[in-house]
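Q: Handing you this structure, nothing more for now.
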Amino acid sequence: FDLFSMDRHYLNADSYMEEDGYEAVSFLPTAADQQILQDKDPHFRVYNLSPDRFNEAVTTYFHRAVGGYNAAKLRIYQDLIETQLSKSPTNMDVLNMLDTRYFIIPPQQAQRQHEVYKNDEALGAAWFIKHIKYVNGPVEEIKALDEFGPRDTVIIDESFRNIAGSAPQADSTATIELVSYDNDEIKYSTNSQTPQFAVFSEVYYPAGWNAYIDGKKADYAKVNYVLRGMPVPAGQHEIVFKFEPASYYNGQKAVYFGNILYYLSILGAGAGLWRQRKKPTA
Numbered sequence: 266f267d268l269f270s271m272d273r274h275y276l277n278a279d280s281y282m283e284e285d286g287y288e289a290v291s292f293l294p295t296a297a298d299q300q301i302l303q304d305k306d307p308h309f310r311v312y313n314l315s316p317d318r319f320n321e322a323v324t325t326y327f328h329r330a331v332g333g334y335n336a337a338k339l340r341i342y343q344d345l346i347e348t349q350l351s352k353s354p355t356n357m358d359v360l361n362m363l364d365t366r367y368f369i370i371p372p373q374q375a376q377r378q379h380e381v382y383k384n385d386e387a388l389g390a391a392w393f394i395k396h397i398k399y400v401n402g403p404v405e406e407i408k409a410l411d412e413f414g415p416r417d418t419v420i421i422d423e424s425f426r427n428i429a430g431s432a433p434q435a436d437s438t439a440t441i442e443l444v445s446y447d448n449d450e451i452k453y454s455t456n457s458q459t460p461q462f463a464v465f466s467e468v469y470y471p472a473g474w475n476a477y478i479d480g481k482k483a484d485y486a487k488v489n490y491v492l493r494g495m496p497v498p499a500g501q502h503e504i505v506f507k508f509e510p511a512s513y514y515n516g517q518k519a520v521y522f523g524n525i526l527y528y529l530s531i532l533g534a535g536a537g538l539w540r541q542r543k544k545p546t547a
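Structure representation (structure tokens):
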């Protein structure tokens, strides 16, 4: 009671705001945001070059961002921030492999509005490479990002050689395209005359994401330190990444069986009371 009465002095009805009203006040798109939102491609990323680029969250409200804040970043992405994205000059090879299509540039001196720069060198959602460069360990792998051509070359740790295999066979007509993009499912279509190796501009996270080629589960590797890559056989194929964390599905099963036990216990208790009432009184 004391906590409730004291809290009312600081957190009361006047402190609450309807969701739509809060969004309208707190998340107004800038002219730069509106310009970028005209691009309806579902995949590209945006890099806000503000001084607090890795501690602000407004950009991610409107766009898929390279920066932004999360208290529980994946270690491999934090490593990328510290060794590549925070350096000067900017490592454009890394930003291109992250499919960074737009940069938001803060106002300079007399300017009042943010500017937008479009990067035509961004590599897109996925692409086929020509060469595989194997390295020994994570230190060599992230160091190799200092100078490489991500459009043609992929960097892979030796521990993934059994998945990645050897270099793909040349095919200038080979294509890979993003078909659909959702929070827990991403689909691609491929077409090639020879076996290829695809790089996907998505963060490597094997604890939840599973890969399928034409409905059959397939292995994929960690490439370029943070991304996903996998060999693709010749021909036309559908590649699907699905977010299927075992912890979530095991939790669902536990809840399901827990509910069954709960309702059975209620039925059992009800049946016991019914029997008690049906017993003849002496």
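In our numbering, the protein residues as written are 266 to 547. Even for Gly, the Cβ is constructed at its ideal location relative to N, Cα and C.
(1) The alpha helix (DSSP H) that contains Y326, what's its start and end?
(2) If distances are taken between C-alpha atoms only, which option among S315, P496, G430, F292 comes closest to F462?
(3) To the nearest angstrom, how far is it from the Cα of W206 to the Cα of S431?
(4) Can you give the Cα-Cα distance for H328 and L302, rounded to whole angstroms?
(5) Please give me, in chain order, every unbroken run of the beta strand (DSSP E) with length at least 3 that falls completely inside the segment 476-520.
(6) Along the chain, where does the alpha helix (DSSP H) that runs through F269 open and close?
(7) What did DSSP end up calling A278 once you bin it into helix, strand or coil?
(8) Would L314 and P371 be called neighbours here (beta carbons separated by less than 8 Å)?
(9) Could you tell me if F269 is buried or exposed, where buried requires 16 or more neighbouring beta carbons within 10 angstroms of its beta carbon?
(10) Would you give the residue range spanned by the alpha helix (DSSP H) that I428 belongs to?
(11) What does the Cβ neighbour count give for V464, buried or exposed, with the cut at 16 atoms within 10 Å?
(12) What is the residue span of the beta strand (DSSP E) that Q458 lies within?
(13) Alpha carbons only, please: which of I397, V381, I428, D436 is nearest the one belonging to I420?
(14) Relative to the C-alpha of A499, which candidate in S457, I369, Y514, N475 has its C-alpha closest?
A: With the given structure in hand:
(1) 324-327
(2) P496
(3) The structure shown has nothing for residue 206, since the chain only spans 266 to 547.
(4) 8 Å
(5) 481-483, 486-488, 492-497, 500-508
(6) 267-272
(7) helix
(8) yes
(9) exposed
(10) 426-429
(11) buried
(12) That residue, Q458, is in no beta strand (DSSP E); it is neither H nor E in DSSP.
(13) I397
(14) S457
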